[in-house]
Amino acid sequence: MRNLPWKSILAWLLSAFFVLGGIGNIFASETILADYRRWGYPDGFNYLTGTLEFAAALLIAYRPTRLAGAALASVVMVAAAGTVLSNGEFGHAIAPLVVLSVALIVGFQARKTARDGLNGG
Numbered sequence: 052m053r054n055l056p057w058k059s060i061l062a063w064l065l066s067a068f069f070v071l072g073g074i075g076n077i078f079a080s081e082t083i084l085a086d087y088r089r090w091g092y093p094d095g096f097n098y099l100t101g102t103l104e105f106a107a108a109l110l111i112a113y114r115p116t117r118l119a120g121a122a123l124a125s126v127v128m129v130a131a132a133g134t135v136l137s138n139g140e141f142g143h144a145i146a147p148l149v150v151l152s153v154a155l156i157v158g159f160q161a162r163k164t165a166r167d168g169l170n171g172g
């Protein structure tokens, strides 16, 4: 178990999460669309959210762009948490805050890997 590439596994799981989130927003159910309206977002905002999630997933999946992907994923999750918190839906903030934590871990790992590569090791 010690030889498993945990950094890559965590990044791939995060990427998969954002692929699923992108699908869920691009092909949003009426319930999700009603949530966006209740939160004050314009019609079609789910497409922007889904596109950003797909972009984050792609960037995270490719090691050289993983840091940028983790940063984008973090911004998306801060926005998601901020949306539900500002609407008093405190219980719904748990998932985005957990995913934000994972994105930050992946981002810090990617930054360290990039920095170590620049320093020759």
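Residue numbers for the sequence shown follow the numbering used here, beginning at 52 and rising by one. Yeah, the Cβ is synthetic: ideal placement off N, Cα and C, and Gly gets one too.
Here F105 has G73 as same chain residues with Cβ atoms under 6 Å from its own Cβ, once five neighbours each way along the sequence are excluded.
Using a C-beta cut-off of 8 Å, the segment 62-72 makes contact with the segment 97-113, since at least three inter-stretch Cβ pairs fall below that distance.
Counting along the chain, Y113 sits inside no alpha helix (DSSP H), nor does DSSP assign it H or E at all. In this structure, V135 is the residue among V135, R114, I156, T116 with its C-alpha nearest to the C-alpha of P147. Here Y87 has F96, N97 as same chain residues with Cβ atoms under 6 Å from its own Cβ, once five neighbours each way along the sequence are excluded.
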